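A quick write-up on the structure given underneath.
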Amino acid sequence: MADYILARKSRNIASSLVHLFLNILLGIGSVIITVLSGSPVLGLLLVLVSKWRVFAVRFRYLWLNIKSNLVDLIVGFSIVLLTYYAGMSFLPVDFILAGFYCIWLIFIKPLSSENATLAQSLIAVFLGTSAVSIMTANLNSIVFVLLEFLVGYAASRHVLIQSSDKDFRLTTLVCGLVFAETAWICSTWSILYTFGNTGIRIPQVAIIMTIFAFVYNYARQAMIKYQDDFRFKHISGPVLFGILLIGIIVIFFSNPIFNI
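The following block contains the structure:
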C-alpha cells in the first residue's frame, strides 16, 4: 500500500512538472515563433493547439466550451498579436509579454476565487482591447466595435457565470453592447502611449475600458448585496473615482503626438 501511495505521488509530481514545462513552453514559444516567423499565424495556432480539449467534445458542447474559455483565448491571442504589432525584432516588450503569459498560465489562470475571476476578466479586457485597437487602427470601425463586444461579453460572462445572478445571460449581452458603444465613441480618435524604444504601446481606450469594467462589476455587486436598499452612496466612491480618472486621462493625456 505504501509503495502504491509513493508511486502515485511520484506520478502526480511528474505530471505537474510536465504541465509546468508545457505552460512555460507555450508562454515563451508563442512569442518567439511570432517574432521569428514575422507572422501571427503560427503563434495563434500554437495557442489554439494548447486548447485542444476545448474542441475535442461533441458538437453540441462545442459552443459552450468555447464560451467558457473565451477569456483565456483572448489573453493568449492578445499576447501573440501585441508581439506581432510590436515589430519583427526582439524588444523588451516581447520579454515582458512572454513572462506575463507564463505567469498567467501557471499562477493566474488556475485560480477560481471571486477576486481572481475579476482580476482575470480585467486582464482580458486590458490585453484584448489593446490588441484589438492596435490591430484595427486602419480598418473600418465596425470591426473594432464587434471585437470589443466580444471582449466585453467574455469578461462579463467570466465573472457572472460563477455568481448567483439568474439573469447573467442578459447582463453579459448588455455589458457587451456597452463595450461596443464605448468602442464606437472611442473609434473617432486613437490615442497610443509609447515608451521609447521598448516596443510598449498602450492604447488609451484599453485603460478606459478596464476602469469601466472594474466600476461596472463593483456596482453590480453592490446592487445584488443591498437589493431593495440600494442607494447611489453605496457605489459613489468607485464611480466618482472612475469618472475622475477617465476625465483626467481624456483631457490631459490625449495629446495628438500619441495618435496612431
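Take the sequence shown: its position 254, counting from 1, is numbered 258 in the working numbering, and each next residue is one higher. Glycine residues also receive a C-beta, built at the ideal position from the N, C-alpha and C atoms. The structure presented is a predicted model; accordingly, all values stated were derived computationally and were not measured.
- Beta-bridge annotation (DSSP): T176 is not paired with any residue.
- The beta carbon of V182 lies closer than 7 Å to those of G156 in the same chain, with the five residues before and after it left out.
- If the five residues before and after V79 are omitted, its C-beta is found closer than 7 Å to the C-beta atoms of W108, I127, A128, L131, all from its own chain and listed in chain order.
- Residue pairing of I206 in beta bridges, as defined by DSSP: Y197.
- Distance from the Cα of V149 is smallest, within the candidate group A123, Q231, A184, for A184.
- If you compare the alpha carbons of I165, N73, Y105, A60 with that of L86, the shortest gap goes to Y105.
- Measuring C-alpha to C-alpha distances from L30 to each of A18, L46, G42, I17 identifies L46 as the nearest.
- A Cβ-Cβ contact shorter than 7 Å links Y89 with I138.
- Taking the Cβ atoms as the reference, I189 lies roughly 19 Å from Y197, outside the contact range of under 8 Å.
- Residue A158 holds the alpha-carbon nearest to the alpha-carbon of L177 among I255, A158, G203, I215.
- Per DSSP, the continuous alpha helix (DSSP H) segment holding S125 begins and ends at 118-139.
- For N69, the uninterrupted alpha helix (DSSP H) run begins and ends at 63-72, by DSSP.
- Counting the other CB atoms within 10 Å of its CB gives A102 a total of 16 or more, which places it among the buried residues.
- In this structure, S125 places its C-beta atom within 7 Å of the C-beta atom of H162.
- Counting C-beta atoms within 10 angstroms of its own C-beta, I83 has 16 or more neighbours from the protein chains shown and is therefore classed as buried.
- In its chain, beyond the 5 residues on either side, L164 have a beta carbon closer than 6 Å to the beta carbon of F172.
- Look at G80 here: in three-state DSSP terms it is helix.
- Distance check between M92 and each of R62, P44, L49 places P44 closest, using alpha-carbon atoms only.
- Secondary structure note for R57: its alpha helix (DSSP H) is the uninterrupted segment 56-59.
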